[in-house]
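Chemist:
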Amino acid sequence: MLIELCVQDGSEESRLAVAALSQSGIGFHLTSLSSDDVLRDEGRALPRLYSSEGFFNGLKEIEWYAKVYGRGNN
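Numbering (my numbering), first residue to last: 3 to 76.
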């Protein structure tokens with residue numbers, strides 16, 4: 003199962019999302035977008051997580067995903 007986390011370069015919220023997934027033991031592929039890329043992808047919250055369980059937008063949803071599907075919870 004491929005889990006992809008899309009983040010914005012230099013964003014504090016993105017850094018926290020990466021930390022939450024890393025600490026949970028969930029393996030993921032990281033895609034880092036520049037500010038220009040984010041502008042072209044207008045209307046979608048970053049950080050954003052794609053997984054077989056669905057799409058998760060923003061830090062709170064990603065932290066929830068890490069808590070529910072992380073180490074010892076699946």
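We put the beta carbon where it would ideally sit given N, CA and C, even for glycine. Only a predicted model underlies this, so the values are computations on that prediction, with no experimental measurement involved.
Taking Cβ to Cβ, would you say residue 73 is nearer than 8 Å to residue 26?
Modeler: Yes, the pair counts as a contact, with Cβ atoms nearer than the cut-off.
Chemist: Taking the alpha-carbon positions, what's the residue 31 to residue 4 distance?
Modeler: Going by the C-alpha atoms only, they are around 7 Å apart.
Chemist: Where does residue 6 fall in DSSP's three states?
Modeler: Three-state result, residue 6: strand.
Chemist: Taking C-alpha atoms, which residue in 48, 33 and 71 lies nearest to residue 60?
Modeler: Ranking 48, 33 and 71 by Cα distance to residue 60 puts 48 first.
Chemist: My output table needs one value for residue 56: the three-state DSSP class, helix, strand or coil.
Modeler: Residue 56 falls in the strand class under three-state DSSP.
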